[in-house]
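To start, the structure under review is shown below, and the notes come after it.
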Amino acid sequence: MSVSIDRRVYPFEGRRFDRGGGIRMHYLDEGPRDAPPIVMVHGNPSWSIYFRALVLALRETHRCIVPDHVGMGLSDKPNDVDYEYTLASRIDDLGKLLDHLGVNREITLVVHDWGGGIGFGWATRHADRVARLVVLNTAAFHLPQSKTFPAALRLTRTPLGALMVRGGNAFARGAAYTCVTRKPMSPELRRAYLAPYSDWSSRIATLRFVQDIPLQPSDRAYARIDEMAAGLAQFRQTPTLIAWGMRDFVFDHHFLAEWEKRMPHAEVHRFEDAGHYVLEDVPEVIVLLVKRFLADHPLARERAA
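Numbering of the sequence shown is given in numbering that gives the first Met the number 0, commencing with residue 0 and proceeding in unit increments.
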């Protein structure tokens, strides 16, 4: 299925990578190939469009790599027979792409939403490749004990919720309105966010992501979350920037408190009136924070330049 995206909103030339089985992942690879890599990993129901402000701001000095997960954005959207929509598959996909691109050292990893589970699922097994971390409203651990699983997500995991998501695009459409709280999306941007999810078949991943949230040990992603949560201790000395929208009804202050407990060295910035799509609500501020963070924690080759 061909997807048309307004170039004024998404001014990039994407690339394609066969992750196996003829399934192609779309990704951005912007900036000099020999520059320090910044890998940005999105969540659900967003796609690489979420990171456009960071890419535009950093691509002169860094190699910005931003994949669209299978079933998301401009990547292929196979059915359940041809692709297993699981956290394990997502982590494997990210690893295959980075190996394909030869990105194997001094990575700055930027994660949001499900990108935390995917990005840290890979990073905790390849900690020696990761030099810096930027964390935006996400998790790489189980639901905090103090947090109740949100009713909206619980509904999505029911047959009625599944019908709403795949039949009416309720998840992506709802996110485009409720996940920004300071600065509503323009109609043009909202159309671009929703364009990849135009019919029943193209919305499979937005549903499967919610269904794959592990809440009990019998859930298939539960053990992988256990593993990555334990592996976070490897990054206790890794420079880390956390930028958090405090009006996120899912990844709220309970999750932020868990990050602060696990990453006590992190530089933390709270945005009291920003929502889950914090990079949409305060793009200019976060761009400046990330630029300063990178300058404050230079890599060896950046110091030598």
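The C-beta atom is built at its ideal place from N, Cα and C for all residues, glycine as well. In this text, all values refer to a predicted model and were calculated from it rather than measured experimentally.
Ranked by Cα distance from Leu255, the options Leu142, Asp225, Pro158 and His41 are led by Leu142. In the same chain as Val2, and ignoring 5 residues on each side of it, the C-beta atoms closer than 7 Å to its own belong to Leu73, Ala194 and Pro195, in chain order. The beta carbons of Phe148 and Leu214 sit about 6 Å from each other, so the pair counts as a contact at 8 Å. Lys76 and Asp272 have their C-alpha atoms roughly 35 Å apart. When secondary structure is reduced to three states using DSSP, Gly94 falls in the helix class. The C-beta distance from Trp113 to Ile90 rounds to 11 Å, too long to fall under 8 Å, and the pair is not in contact. Residue state for Phe270 is assigned as strand, using DSSP reduced to three classes.
Excluding sequence positions up to five before and after Val164, its CB lies within less than 7 Å of the CB of Thr155, Phe170, Arg202, Thr205 and Leu206, all in the same chain and listed in chain order. For Val209, the closest C-alpha among the options His264, Thr85 and Ile285 is that of Thr85.
Judged by beta-carbon spacing, Met24 lies beyond the 8 Å limit of Val109, meaning their Cβ atoms are not closer than that value.
Within the same chain, Leu278, Pro282 and Val286 come within 7 Å of Ala52 by CB-CB distance, once the 5 residues on both sides are set aside. Rounded to the nearest angstrom, the gap between the Cα atoms of Gly19 and Gln233 is 30 Å. The three-state reading of DSSP puts Pro282 in helix, counting H, G and I together.
Judged by DSSP in its simplified three-state form, Gly244 adopts strand. Restricting attention to alpha helix (DSSP H) runs no shorter than 4 residues, the stretch 12–91 encloses them at 51–57, ordered along the chain. Spanning the alpha carbons of Thr107 and Phe292 requires a straight line of approximately 11 Å.
Only residues of its own chain outside the window of five on either side were considered, and among them Gly244, Arg246, Asp272, Ala273, Gly274 and Asp280 have a CB closer than 8 Å to the CB of Thr180, listed in chain order.
One alpha carbon belongs to Glu266, the other to Thr137, and they sit about 16 Å apart. Beta-bridge partners of Arg131 (DSSP): Thr107. With contacts defined as CB atoms closer than 8 Å, Glu29 and Phe50 fail to qualify as a contacting pair.
Residue Gly118 holds the alpha-carbon nearest to the alpha-carbon of Pro66 among Gly118, Tyr221, Ala174 and Asp251.
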